[in-house]
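Asker: Just remember that our numbering sits 1498 ahead of the position in the sequence shown, which is counted from 1.
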Amino acid sequence: MGHVETEVKIGNLKGDKIIRVKALVDTGSTFTVIPEDIARELNLPVTGERMKVLTARGYDELELTHAIIEINGKRRIVPILVSRGIDRVLVGVITLEAMQLRVNPLTEKLEEYTALLYIQL
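1) Can you list, in chain order, the residues of its chain with a C-beta nearer than 8 Å to that of A1596? Leave out the 5 residues immediately preceding and following it.
2) Can you check whether the CB of T1530 is closer than 8 Å to the CB of T1593?
3) Would you report the Cα separation of I1566 and K1572, rounded to the nearest angstrom?
4) Whose C-alpha, out of I1569, D1535, Y1557, E1561, is nearest the C-alpha of E1547?
5) For a quick check, are the C-beta atoms of V1589 and A1521 less than 8 Å apart?
6) At what residues does the alpha helix (DSSP H) containing E1539 begin and finish?
7) Label G1556 either buried or exposed according to how many other C-beta atoms from any shown protein chain fall within 10 Å of its C-beta, with 16 as the threshold for buried.
8) Excluding the five sequence neighbours on either side, which residues of its own chain have a C-beta within less than 7 Å of the C-beta of H1501, listed in chain order?
In structure tokens:
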């Protein structure tokens, strides 16, 4: 499977700053990650909490924030990690699951799916 890219709108929680970017869908990433300059441009508040993550370069600690993300017309408030070490937006699994989206490996596009809920009766 090749790289899957998608158009994403990212905005701050006030809704007064929104940008549109081409993002890489990274099913190996738990969180959505944005470059530090985008976080600054959107005036995203940091929570003061840092998340320890494992990257291709080793362990790192990234600032946690929240933003409004829109993909394929679906909009959610999701946790976002802010990185100095990347130059593009990576859409992670938490965001995909919140939007009930998954990668179709045949078409290399995002598609909707029905979420599973298991209740033992």
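Glycine is no exception: its CB is placed at the ideal position from the N, C-alpha and C atoms. Bear in mind that the values here come from a model prediction, so they are computed numbers and not experimental data.
Answerer: Let's see:
1) So the qualifying residues of the chain are R1574, V1576.
2) Yes.
3) Cα to Cα, I1566 sits roughly 10 Å from K1572.
4) The option with the nearest alpha carbon to E1547 is E1561.
5) Yes, these two residues count as a Cβ contact at 8 Å.
6) Segment 1534-1539, the alpha helix (DSSP H) holding E1539.
7) With fewer than 16 Cβ atoms within 10 Å of its Cβ, G1556 is classed as exposed.
8) Excluding residues within five positions, the ones whose Cβ falls inside 7 Å are L1522.
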